[in-house]
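Novice:
Number of protein chains: 2
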Amino acid sequence: MKKTMIRAGAALIALAAPAGAQKQPATTEVLRDAALKDDVAWDLTEGLTTEVGQRLAGTEAEARARTWAVTRLKALGFANVRIEPFDMPVWIRGAETAEITAPFPQKLAITALGNSGATPPAGLTAEVVGFASLDALIAADPAKVRGKIVFVTHRMGATQDGSSYGPFGNVRRAGPSAAAKLGAAAIVIRSIGTDHHRNPHTGVQSWAAGVTPIPAAALSVPDAEQLERILKRGRPVTMRLVLTPQMTGVHQSGNVIAEVPGRDANAGIVLVGGHLDSWDLGTGAIDDAAGVAITAAAAKRVGDAGRPLRTIRVVWFGAEEVGGFGGIAYAKRHAAEKHVLVGESDFGADRVWRFDTRFANPKAPAAAAVAAALLPLGIARGTNEAHGGTDVEPMAALGVPIADLRQDGTRYFDLHHTPDDTLDKIDPEQLRQNVAAWTALLSVVANTRDEFGPITPAAQQ
Amino acid sequence: MKKTMIRAGAALIALAAPAGAQKQPATTEVLRDAALKDDVAWDLTEGLTTEVGQRLAGTEAEARARTWAVTRLKALGFANVRIEPFDMPVWIRGAETAEITAPFPQKLAITALGNSGATPPAGLTAEVVGFASLDALIAADPAKVRGKIVFVTHRMGATQDGSSYGPFGNVRRAGPSAAAKLGAAAIVIRSIGTDHHRNPHTGVQSWAAGVTPIPAAALSVPDAEQLERILKRGRPVTMRLVLTPQMTGVHQSGNVIAEVPGRDANAGIVLVGGHLDSWDLGTGAIDDAAGVAITAAAAKRVGDAGRPLRTIRVVWFGAEEVGGFGGIAYAKRHAAEKHVLVGESDFGADRVWRFDTRFANPKAPAAAAVAAALLPLGIARGTNEAHGGTDVEPMAALGVPIADLRQDGTRYFDLHHTPDDTLDKIDPEQLRQNVAAWTALLSVVANTRDEFGPITPAAQQ
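Residue numbers (my numbering), protein chains in the order written: chain A, 2 to 462; chain B, 2 to 462.
1) For the segment 393–453 of chain B, which segments carrying the alpha helix (DSSP H) assignment without a break, of at least 4 residues, lie completely within its bounds, in sequence order?
2) List, in chain order, every chain A residue whose beta-carbon is nearer than 8 Å to that of residue 425 of chain B.
3) Could you work out which residues of chain D lie near residue 55 of chain A, taking near to mean beta carbons separated by less than 8 Å?
4) Are any of the Cβ atoms in chain A nearer than 8 Å to that of residue 156 of chain B?
5) Where does residue 360 of chain B fall in DSSP's three states?
6) Could you tell me the alpha carbon to alpha carbon distance between residue 389 of chain B and residue 77 of chain B, rounded to whole angstroms?
7) Quick check on the DSSP output: the alpha helix (DSSP H) that includes residue 169 of chain A runs from which residue to which?
8) Check whether the Cβ atoms of residue 411 of chain B and residue 282 of chain B lie closer than 8 Å to each other.
9) Tell me whether residue 256 of chain A is buried or exposed, calling it buried when 16 or more other Cβ atoms sit within 10 Å of its Cβ.
10) If you draw a straight line from the alpha carbon of residue 85 of chain B to that of residue 258 of chain B, how long is it in whole angstroms?
11) Starting from the beta carbon of residue 46 of chain A, find every residue of chain B whose beta carbon is closer than 8 Å, and list them in chain order.
12) Given a threshold of 16 other Cβ atoms within 10 Å of its Cβ, counted over all protein chains shown, does residue 133 of chain B qualify as buried or as exposed?
13) Measure the CB-CB distance between residue 205 of chain B and residue 285 of chain B and report whether it falls below 8 Å.
14) Could you check how far apart the C-beta atoms of residue 248 of chain B and residue 90 of chain B are, in whole angstroms? I think they sit under 8 Å.
15) List, in order along the chain, the chain A residues whose C-beta lies closer than 7 Å to that of residue 421 of chain B?
16) Whole angstroms are fine: how far does the CA of residue 415 of chain A sit from the CA of residue 423 of chain A?
17) Give the straight-line distance between the Cα atoms of residue 362 of chain B and residue 369 of chain B, rounded to the nearest whole angstrom.
18) From what residue to what residue does the beta strand (DSSP E) around residue 335 of chain B run?
19) Please confirm whether residue 236 of chain B has its beta-carbon closer than 8 Å to some beta-carbon of chain A.
20) Can you tell me which of the three DSSP states residue 377 of chain A falls into?
21) For residue 455 of chain B versus residue 400 of chain B, is the C-beta spacing smaller than 8 Å?
22) Between the beta-carbon of residue 315 of chain B and the beta-carbon of residue 341 of chain B, is there less than 8 Å?
23) List the endpoints of the continuous alpha helix (DSSP H) containing residue 229 of chain B.
24) Over what stretch of residues does the alpha helix (DSSP H) that includes residue 38 of chain A continue unbroken?
25) Compare the C-alpha of residue 28 of chain A against each of A:350, A:305, A:354 and A:333 and name the closest.
26) Would you mind telling me which residues of chain B sit closer than 7 Å to residue 52 of chain A, beta carbon to beta carbon, in chain order?
27) Could you tell me if residue 267 of chain A is buried or exposed, where buried requires 16 or more neighbouring beta carbons within 10 angstroms of its beta carbon?
28) Rounded to whole angstroms, what's the CA-CA distance from residue 447 of chain A to residue 115 of chain A? Just pull it up for me.
29) Kindly indicate if chain B contains any beta-carbon less than 8 Å away from that of residue 231 of chain A.
30) Residues in its own chain within less than 8 Å of residue 310 of chain B by CB, not counting five upstream and five downstream?
31) Could you give the first and the last residue of the continuous beta strand (DSSP E) run that contains residue 92 of chain A?
32) Please classify residue 430 of chain A as buried or exposed, where buried requires at least 16 other C-beta atoms within 10 Å of its C-beta.
33) Label residue 291 of chain A either buried or exposed according to how many other C-beta atoms from any shown protein chain fall within 10 Å of its C-beta, with 16 as the threshold for buried.
34) Suppose contacts are defined by Cβ-Cβ distances below 8 Å. Is residue 465 of chain B in contact with residue 242 of chain B by that definition?
35) Please report the distance separating the alpha-carbon of residue 437 of chain A from that of residue 407 of chain B.
Given below as structure tokens:
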């Protein structure tokens, strides 16, 4: 990457700085504004979603994505491009259909949740018992649930900060184990989503200790509302479910790593990235091709402007969706290296609106410099209670400070984990604003000796 | 219906008219404004889509819909409720999957078009040859098409009046026959739709004389754009298609008819309605549960206000989607009866914005009275070049005048013929505006002796 970087950097500096200043890095502001014309992030997002498509963790599709990533990251000029493999258990989807057989026969749009158990190949037919919330299911009389297909609905609404995903997402995360404990034959939930399309939302759930897996699936929002209407008629409702997913054993996934080496190896590593794997229904454009593309494009821009003080490490994590295996593997392997900051882009491709941190010293001059550089992009300084993303949480748990460039999530859960997560949902202008924001952040943080931590891990506070 | 009508009518009149006027029908304006609080159309739409769901022409589901319709129309108080059966050839969907096998393996969202031929059960794999338009396909060298899977894309955009459906819809109507004539193994088209969801749009197409059917299907818009991007890479693209629809022979469909009998049997019939059948992917909420519900609700309101001069005949046509069989059967059976007007609601459930006619005398006082009553609903007088809908065209071809209350179609082709045509897409307030518009129209036309025709059929002009 070095040659490309120095050439591009020199060109920018020539535009922005007086003669004689050519050896200095371009200013953060110049880099930020140039990034508003970025095409690298779009090209990466378009390429990954078109040339690979879905890339479920641990499958040959994710392996193809790693090969693709290495080729592209090398072509962009990054140094030390490599794959760090790790092993993980792999669940794959099978056939999936649902139909109401009585009183009003009709098909429903459904998809299995991660780690779902399977029905017999010919399916399972049982009466449906409906609950208005996870709490109502947990409080249910087991006699009313045993042998039945549990249906749990909810009323998730869209929020800009995605905060509705926590509580409503528990229907998916905890509902299947709760239903299994009560002896249910299967569970179907209203998708954890905010759209009204016949595209159900998948997502991971893990079985509580000692629970025998049952078939667990999500209806699209219109289908869940349809089932609610049918149940309200008061007549017994029976459903036939066919779900034939399977656990296929332990297979290999991996993290893809690329670097912009810093001038001072002792100044620490700034880690940015996203996750390379996706769910298997769409092509993972907003989740998370955009995130890996945004952070790589920003790192390239800062690197192209001249070798930074600190090493920028771009990590495209594997196997995030199915349990955060990539982040765990990374932290296990790299815990001893000095990381000065971790930050992940994994909430779509819409505009960044807030800059959150988890710093021991949130008033560090470099933090203020980042905030000042972000403000013209419409990004406000937020709280010091950032959580980062699933992939960087294991490093944060070791005390590494977090920067979080929070994206507008208003429409994120319209698309999240559905077949509809495809390239056409990405707005190139908002994508560029993201690149500009990460460019500004990296330009400051990779070129300062300010330290932001270590900080007591959030989980221990 | 009579008792209910007289009672409800008296109540309205009591509100609207001075003492002593109780025997007169309520005014059009009073009926129109009361219809803005209508719940009948919503209840019918909700009931049909929930309790029957999809109702593909000629299937047991459409038969269930007829039974449901007779029960509901009788309960609403209509007279002479009956089914008029007819026979028709029935095509049903089978398995349908598509995947790109090279150079970038991935699944695509696809659905068969009406009357599609079938692949072998294990599928058909062939190279894809892409065309930017139907014209480009028609002009193609047969040597470049023979044995291949033809892909035809286009750039349909949304229009308020739905006028883009004519030219772009030809890709679906004529594309399959054109491909078959050139010796293609199969054809896949970009869905005739204006959305960006992974829900392909089905729709009917008929094979040209002498053409041997081939598999014919539509990709969702995002999938079609994906295939375009892949083809642009310039490498050979192969696709595997599995489509196993079948023609099942001749089965029974039927029109459901209900009436508000007029005081003067010689004054003629005002026919309004929509179609009861739907495509099989969604629950046919906007196409056309809303249409049958709107027109029936309006007829009930006018009937409830007092027996009209002319008979209002509500027809819920069968088998519209697959070839307009219900409209043809109706015209064959009822050609000799005096129809003074036909009108159909079959363009969704969004607001009516224009009142078009095809009258011999568009300046008839009653036409002006309708226009005046519609204006406060935001409905402008339009052209005298109305076409009506598929179901009423056979009657119009006999010279019967047409009234067309044109609905806003801006989002109609986002949903049309997709799994996404479900109840949640209907805005209850816009639905009520439709009921008010048809109520105003019927109130005037069923209570005048004005004649609007006969008029030379449009096709013969």
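The beta carbon of each residue, even a glycine, is placed where N, CA and C say it ideally should be.
Specialist: So, from the listed chains and residues:
1) Runs of the alpha helix (DSSP H) inside the segment 393–453 of chain B: 394–397, 413–416 and 429–446.
2) 197, 222, 223 and 226
3) Structure shown: chain D not included; protein chains present are A and B.
4) no
5) The answer is coil: DSSP assigns residue 360 of chain B none of H, G, I, E or B.
6) 26 Å
7) Its alpha helix (DSSP H) spans residues 166–182.
8) No, these two residues do not count as a Cβ contact at 8 Å.
9) buried
10) 8 Å
11) Per Cβ cutoff of 8 Å: no residues; residue 46 of chain A is ~12 Å from chain B at best.
12) Answer is exposed; the Cβ neighbour count stays below 16.
13) no
14) 6 Å
15) 198 and 199
16) Cα to Cα, the separation comes out at about 12 Å.
17) 11 Å
18) Not the beta strand (DSSP E): residue 335 of chain B falls in the alpha helix (DSSP H), residues 326–335.
19) It does not; no Cβ of chain A falls within 8 Å.
20) helix
21) yes
22) no
23) Residue 229 of chain B -> alpha helix (DSSP H) spans 222–233.
24) No alpha helix (DSSP H) holds residue 38 of chain A; DSSP gives it neither H nor E.
25) A:305
26) 105
27) exposed
28) 38 Å
29) yes
30) 263, 264, 265, 268, 447, 448, 449 and 450
31) 80–93
32) Exposed, since its Cβ has fewer than 16 Cβ neighbours within 10 Å.
33) buried
34) Residue numbering for chain B in the displayed model covers 2 to 462; residue 465 of chain B lies beyond these limits and cannot be assessed.
35) Going from the Cα of residue 437 of chain A to the Cα of residue 407 of chain B covers about 47 Å.
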